[in-house]
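Just so you know, the sequences run in chain order S and H. Taking the numbering used here, the leading residue of the first sequence gets 56, the next gets one more, and so forth. Taking the numbering used here, the leading residue of the second sequence gets 64, the next gets one more, and so forth. For each residue, glycine too, the CB sits at the ideal point set by N, CA and C. The structure displayed is predicted, hence computed values, not measured ones.
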Amino acid sequence: MKKIKNFTIRTDLFYATEEGFWLDITGNIARIGMSPLVQETTGSFVAVRFEDEGARFGRGESFGSLEAEKHVGHLKMPVSGTIVAVNEKVVENPHLLNTDPYGQGWLVEIDMTGGDAGQAHLLSGEKEVEAWFEAEIEKFEDKGWLAES
Amino acid sequence: MEFPLPTASTEETKKISPNYVRLSGASAMALRLQSGRFSRDFDFGGINLLLNYDNGCLSDCGYCGLARTRPGDYEDKSFIRVDWPLFETDLVVERMAKYAQKLTRLCISMVTHGSAYEDTADITERIAAKIKTPLSLLVAPPTLNRERLQHLKDLGADMIGVGLDAVSENVFFDTRTNVPKGGLKWSNYWDIINYSREIYGPWKVNIHTVVGLGETDKDLIDMFYELKSRQILAYLFSFNPEPDSRMGNHPKATVRRWRRIQLVKHLIETYDLDPRALTFDEEGNLIKLESTAARTNKVLTTLDAGIPFMTNGCPGENGEPGCTRPYGSYRPSEPYRDFPFQPVTDDLVQIREELDLENLMSV
Numbered sequence: 056m057k058k059i060k061n062f063t064i065r066t067d068l069f070y071a072t073e074e075g076f077w078l079d080i081t082g083n084i085a086r087i088g089m090s091p092l093v094q095e096t097t098g099s100f101v102a103v104r105f106e107d108e109g110a111r112f113g114r115g116e117s118f119g120s121l122e123a124e125k126h127v128g129h130l131k132m133p134v135s136g137t138i139v140a141v142n143e144k145v146v147e148n149p150h151l152l153n154t155d156p157y158g159q160g161w162l163v164e165i166d167m168t169g170g171d172a173g174q175a176h177l178l179s180g181e182k183e184v185e186a187w188f189e190a191e192i193e194k195f196e197d198k199g200w201l202a203e204s
Numbered sequence: 064m065e066f067p068l069p070t071a072s073t074e075e076t077k078k079i080s081p082n083y084v085r086l087s088g089a090s091a092m093a094l095r096l097q098s099g100r101f102s103r104d105f106d107f108g109g110i111n112l113l114l115n116y117d118n119g120c121l122s123d124c125g126y127c128g129l130a131r132t133r134p135g136d137y138e139d140k141s142f143i144r145v146d147w148p149l150f151e152t153d154l155v156v157e158r159m160a161k162y163a164q165k166l167t168r169l170c171i172s173m174v175t176h177g178s179a180y181e182d183t184a185d186i187t188e189r190i191a192a193k194i195k196t197p198l199s200l201l202v203a204p205p206t207l208n209r210e211r212l213q214h215l216k217d218l219g220a221d222m223i224g225v226g227l228d229a230v231s232e233n234v235f236f237d238t239r240t241n242v243p244k245g246g247l248k249w250s251n252y253w254d255i256i257n258y259s260r261e262i263y264g265p266w267k268v269n270i271h272t273v274v275g276l277g278e279t280d281k282d283l284i285d286m287f288y289e290l291k292s293r294q295i296l297a298y299l300f301s302f303n304p305e306p307d308s309r310m311g312n313h314p315k316a317t318v319r320r321w322r323r324i325q326l327v328k329h330l331i332e333t334y335d336l337d338p339r340a341l342t343f344d345e346e347g348n349l350i351k352l353e354s355t356a357a358r359t360n361k362v363l364t365t366l367d368a369g370i371p372f373m374t375n376g377c378p379g380e381n382g383e384p385g386c387t388r389p390y391g392s393y394r395p396s397e398p399y400r401d402f403p404f405q406p407v408t409d410d411l412v413q414i415r416e417e418l419d420l421e422n423l424m425s426v
C-alpha cells in the first residue's frame with residue numbers, strides 16, 4: 056500500500072490505465088476492480104450491473120454498467136476474457152465500490168485463457184504505478200473532478 | 064400552525080442552520096467540496112443550499128423526501144432522491160467566493176421550521192456580503208409574511224421561488240394538506256405568492272409546478288396561462304417517486320405526457336399560443352394541438368432547437384440559464400427529463416419520438 060495525497064493505492068497490482076481498473080492476476084484468472092481515483096471522481100454509486108458469468112468479451116467491450124448519483128457509464132473490459140465470477144455483494148450494495156475499492160468492492164473475475172494475450176498494456180511496478188497515479192491525480196484536479204481539502 | 068424553535072443547547076451541539084447547510088451533490092462538486100463528475104460534460108454554476116435542522120422539515124408532503132413522517136432520521140433522508148451533504152456555511156460561502164466566476168445563480172431552499180426565516184436571513188447576509196452572483200430564495204410560505212419577504216429582498220435576494228408543486232387546490236389538499244402531520248394551506252401559499260409578486264416585481268417570482276402528482280393536463284396548462292398573465296414564472300418539474308415516501312409507488316408521468324407539457328408550456332410562454340388551439344377530453348387530458356399560426360408551426364418543425372426541453376430555473380445575471388439542477392428529476396441512467404444544457408441533434412431526434420406530435424396534431 057502506498058499513500059499518495061489522500062489516496063491509498065496498491066502498487067503490487069496491475070493497472071489498466073485507460074479503463075481505470077486494477078487487476079489482481081493469478082495464473083489465467085484476473086480479479087478486476089476500480090482504481091480508487093476513478094471511484095472517487097465518479098461519485099457515490101447507486102447501481103452496478105454485470106453481464107452473466109460465462110460471457111466472453113474482448114478488450115474494450117462492455118461487461119456491465121454503473122450508475123452514480125450524477126454519472127452513468129459502461130464498464131469496459133481491460134483485457135480479453137470470460138467472466139467466471141461476479142461480485143454479488145457489490146450488486147446488492149454498490150457503495151462498497153466507494154468504501155472498499157480494493158477489497159469487498161471488487162467487480163468481476165475473468166479467465167483470460169484463450170485471449171489475445173493482450174496484457175502488455177497493463178501497468179505494473181511500484182515506481183511506474185506511483186508515477187502514473189500522481190499524474191492521474193493532477194489530471195483529475197485540472198478537470199475539477201476532485202474535492203479540494 | 065406552530066413550529067418548535069430549537070433550544071440554545073441544540074444550536075450549540077448540532078450541525079444545524081444557520082452555521083451549517085446542505086448542498087446538492089452537483090453544487091458540492093462545482094464548489095470542489097465533493098469529488099465527482101457528470102455523465103456529459105457541461106458548465107454548471109447553479110448552487111443550491113438547503114437549510115438543515117435536527118428535527119427536519121415539519122411539513123409532511125406525500126411526495127417529498129424530507130417529509131416529517133417519511134421513515135428514517137432527517138440526516139439520512141434524501142431530497143429529490145439524492146443525498147445532500149452537509150457543510151459549514153462559512154466554508155460554502157468561502158468556496159462560492161473562490162469560484163464566483165463560474166457561478167450563475169445561487170439559491171437557498173427553506174424548509175418548514177420555526178428558525179427557517181431567521182436562518183435564511185442570516186445566510187442571505189453572509190452570501191450577499193461576499194458574492195455578487197444573483198441569489199434566489201425557495202421559500203417555505205408558513206414561515207413568512209409580507210414584512211419578512213421585504214426584509215429578505217433588502218438583504219440581497221432578487222428572486223423568490225414558491226414550491227406550490229400541486230397546480231390544483233384538490234391535488235394540493237390531497238398531497239400537502241390532508242396529511243398525517245404538518246398540513247399546509249393552499250391559501251397561505253397564494254398569499255405568499257401575491258406578496259412576493261408585489262415586492263419583487265414582474266418575472267422575479269417563480270412557482271414550482273410538478274407534473275405527475277395527480278393533476279390533469281388542463282390543470283397545468285390553465286396554471287401556465289394564469290401565471291403568465293400575472294408575469295410570474297412557472298418552473299416545471301417531473302414527479303420522481305421518493306422511495307419510502309407515501310407516494311413512493313405512485314407512477315411518474317409518461318415521457319410522452321411530460322414532453323408535450325414542456326412543449327405546450329413553451330408555446331404559451333414564448334409564442335402566446337392561442338388557448339383555442341388546445342383540445343382536452345372530459346378528464347382534462349390534452350388530446351389535440353391544432354396550430355394555424357406560422358410561428359407556432361415553425362416551433363413544431365424545429366422544436367426551437369431544444370430550448371423547450373431545458374431545465375426551467377432562475378436565470379443568471381445576463382439572462383442565461385442559471386439554475387439547471389442536473390439529474391434532479393431522473394436518474395443518470397434514465398433519459399433526461401429536462402436538459403441542463405441545450406439538447407444536441409441526437410437528443411432532438413429522441414425528443415421528437417417521445418412527443419409523438421403527429422398523433423397529437425391529427426386527432
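In three-state terms, what does DSSP make of S:HIS126? In the first sequence, residue 126 of chain S corresponds to position 71, counting from 1. Here S:HIS126 sits in strand by DSSP.
H:ASP285 versus H:GLN413 - alpha carbon distance: Working through the second sequence from its first residue, we reach residue 285 of chain H at position 222. Working through the second sequence from its first residue, we reach residue 413 of chain H at position 350. Rounded to whole angstroms, the gap between the alpha carbons of H:ASP285 and H:GLN413 is 28 Å.
Give the DSSP-derived three-state secondary structure of H:ILE79 in the structure shown. Locating residue 79 of chain H in the second sequence gives position 16, where the first residue counts as 1. DSSP, reduced to helix, strand and coil, places H:ILE79 outside both helices and strands of the structure shown, so it counts as coil.
Under 9 Å from the C-beta of H:TYR126: neighbouring residues of chain S: For this step, residue 126 of chain H is matched to residue 63 along the second sequence. Under a criterion of Cβ atoms nearer than 9 Å, no residue of chain S is adjacent to H:TYR126; the nearest Cβ is some 20 Å distant.
Euclidean distance between Cα positions of H:GLY277 and H:VAL234: Looking up residue 277 of chain H in the second sequence gives position 214. Looking up residue 234 of chain H in the second sequence gives position 171. When rounded, the distance between both Cα atoms is 6 Å.
Which same chain residues end up closer than 6 Å to H:LYS267 when comparing Cβ atoms and leaving out the 5 residues on each side of it in sequence? In the second sequence, residue 267 of chain H corresponds to position 204, counting from 1. Within the same chain, H:LYS267 has close Cβ partners MET222.
For H:SER178 and H:GLU232, what's the separation of their Cα atoms in angstroms? Sequence index remark: in the second sequence, residue 178 of chain H carries index 115 (1-based). Sequence index remark: in the second sequence, residue 232 of chain H carries index 169 (1-based). Each residue's Cα considered, the two are about 28 Å apart.
With a threshold of 6 Å on Cβ separation, who are the neighbours of H:GLN325 within its own chain once the five nearest residues in sequence on each side are excluded? On the second sequence, residue 325 of chain H is found 262 positions in, with the first residue counted as 1. Residues PRO371 and PHE372 of the same chain have their beta carbon placed closer than 6 Å to that of H:GLN325, with the five preceding and five following residues left out of the count.
With distances taken between CB atoms, is the gap from H:LEU45 to H:ALA229 smaller than 8 Å? Past the edges of chain H, shown from 64 to 426, lies residue 45 of chain H, and the structure says nothing about it.
Is there a Cβ of chain S sitting closer than 8 Å to that of H:PHE150, yes or no? Start at 1 with the first residue of the second sequence, and residue 150 of chain H comes out as number 87. False, the Cβ-Cβ gap to chain S never drops below 8 Å.
So with CB distances below 8 Å, who are the chain S contacts of H:TYR390? Position 327 of the second sequence, counting from 1, holds the residue named residue 390 of chain H. Residues of chain S passing the Cβ test: GLU124 and LYS125.
Assign H:ALA297 to one of three DSSP states: helix, strand, or coil. Position 234 of the second sequence, counting from 1, holds the residue named residue 297 of chain H. Correct three-state label for H:ALA297: strand.
Closest Cα partner of H:VAL225 within the set H:TYR390, H:PHE343, H:LEU299 and H:THR152: Residue 225 of chain H sits at position 162 when you count from the first residue of the second sequence. If we check each option's Cα against that of H:VAL225, H:LEU299 comes out closest.
The stretch 90-106 of chain S: which residues have C-beta closer than 8 Å to a C-beta of chain H, in chain order? Under the 8 Å Cβ criterion, the stretch 90-106 of chain S contributes GLU95, THR96, THR97, GLY98, SER99, VAL101 and ALA102.
Using only CA atoms, which one of H:ASP307, H:VAL156, H:LEU201 and H:PRO204 lies nearest to H:GLY135? Translated into positions along the second sequence, residue 135 of chain H becomes position 72. When each option's Cα is compared against that of H:GLY135, the closest is H:ASP307.
Exposure of H:GLN54, with buried meaning 16 or more beta-carbon neighbours within 10 Å: Look at the range of chain H in this structure, 64 to 426, and you will see that residue 54 of chain H is not part of it.
Secondary structure of S:ARG114, DSSP reduced to three states: Translated into positions along the first sequence, residue 114 of chain S becomes position 59. Residue state, collapsed to three classes: coil.
Can you tell me the Cα-Cα spacing of H:PRO81 and H:LEU283, whole angstroms? Start at 1 with the first residue of the second sequence, and residue 81 of chain H comes out as number 18. Start at 1 with the first residue of the second sequence, and residue 283 of chain H comes out as number 220. H:PRO81 and H:LEU283: Cα-Cα distance of roughly 36 Å.
Does the distance from the C-beta atom of S:GLU191 to that of S:LEU121 stay below 8 Å? Within the first sequence, numbered from 1, the residue matching residue 191 of chain S stands at position 136. Within the first sequence, numbered from 1, the residue matching residue 121 of chain S stands at position 66. Taking 8 Å as the cut-off, the Cβ atoms of S:GLU191 and S:LEU121 do not count as close.
Contact set between S:LEU201 and chain H, taken where Cβ atoms lie within less than 7 Å: Position 146 of the first sequence holds residue 201 of chain S. Using a Cβ-Cβ cut-off of 7 Å, S:LEU201 is close to SER98 of chain H, given in chain order.
Kindly list the residues whose CB is nearer than 6 Å to the CB of H:GLU74, restricted to its own chain and excluding five residues on each side of it in sequence; keep chain order. Position 11 of the second sequence holds residue 74 of chain H. Because the pLDDT of H:GLU74 is 48, which lies under 50, any placement of that residue in the model is unreliable, and the number read from its coordinates should be weighed accordingly. Correct list: empty, nothing qualifies.
Go through its chain and collect everything with a Cβ distance to H:ALA93's Cβ below 6 Å, but skip five positions before and after it. Locating residue 93 of chain H in the second sequence gives position 30, where the first residue counts as 1. Once the five neighbours on either side are set aside, the close Cβ partners of H:ALA93 are PHE107.
Between H:ILE270 and H:LEU201, how many whole angstroms is the CB-CB distance? I'm expecting something under 8 Å. Taking the second sequence and counting its residues from 1, the one referred to as residue 270 of chain H is at position 207. Taking the second sequence and counting its residues from 1, the one referred to as residue 201 of chain H is at position 138. Cβ-Cβ separation between H:ILE270 and H:LEU201: approximately 11 Å, too far for a contact (criterion under 8 Å).
Taking the beta strand (DSSP E) that S:ASP166 falls in, what are its first and last residues? Numbered from its first residue, the first sequence carries residue 166 of chain S at position 111. Run containing S:ASP166: 163-166, per the beta strand (DSSP E) assignment.
Between which residues of its own chain and H:TYR180 is the CB-CB distance below 7 Å, once the five residues before and five after are set aside? Here residue 180 of chain H refers to the residue found at position 117 of the second sequence. Taken in chain order, the residues that qualify are THR206, LEU207 and ARG211.
Can you tell me where the alpha helix (DSSP H) with H:THR365 in it begins and where it stops? Looking up residue 365 of chain H in the second sequence gives position 302. Under the DSSP assignment, H:THR365 falls in the alpha helix (DSSP H) whose first and last residues are 357-365.
Given 8 Å as the limit, is there contact between the stretch 62-70 of chain S and the stretch 158-168 of chain S, that is, 3 or more CB pairs closer than that? Contact between the stretch 62-70 of chain S and the stretch 158-168 of chain S is absent, because fewer than three Cβ pairs lie under 8 Å.
Integer-rounded CB distance, given that H:ASN115 should sit under 8 Å from H:ARG85: Residue mapping note: residue 85 of chain H aligns to position 22 of the second sequence, counting from 1. Residue mapping note: residue 115 of chain H aligns to position 52 of the second sequence, counting from 1. About 5 Å; that satisfies the 8 Å criterion.
Would you kindly check if the distance between the Cβ of H:ALA191 and the Cβ of H:LEU218 is under 8 Å? Translated into positions along the second sequence, residue 218 of chain H becomes position 155. Translated into positions along the second sequence, residue 191 of chain H becomes position 128. In this structure, H:ALA191 lies closer than 8 Å to H:LEU218 by Cβ.
H:TRP24 in three-state terms, based on DSSP: What the structure shows of chain H is the stretch from 64 to 426, and residue 24 of chain H is not part of that stretch, so it cannot be assessed.
Residues of its chain near S:SER204, where Cβ-Cβ distance is below 8 Å and the 5 sequence neighbours each way are ignored: Position 149 of the first sequence, counted from the start, is the residue given in the question as residue 204 of chain S. A distance below 8 Å between beta-carbons, with the five flanking residues on each side excluded, links S:SER204 to the following residues of its chain, in chain order: ASN61.
S:MET56, buried or exposed, once every other Cβ within 10 Å from all chains shown has been counted against 16: Translated into the one-based positions of the first sequence, residue 56 of chain S becomes position 1. Exposed.
DSSP state of H:THR408, grouped into three classes? Numbered from 1 along the second sequence, position 345 holds the residue referred to as residue 408 of chain H. In the three-state reduction of the DSSP assignment, H:THR408 falls in the helix class.
For S:GLY128, which residues in chain H fall below 8 Å Cβ to Cβ? Taking the first residue of the first sequence as position 1, residue 128 of chain S is located at position 73. Here the neighbours are SER102.
Please name the residues in the stretch 79-92 of chain H whose beta-carbon is closer than 9 Å to at least one beta-carbon of chain S, in chain order. Within the stretch 79-92 of chain H, the residues whose Cβ lies closer than 9 Å to some Cβ of chain S are GLY88, ALA89, ALA91 and MET92, listed in chain order.
Just by C-beta distance, which residues in the stretch 296-316 of chain H are closer than 8 Å to chain S? Within the stretch 296-316 of chain H, no residue qualifies.
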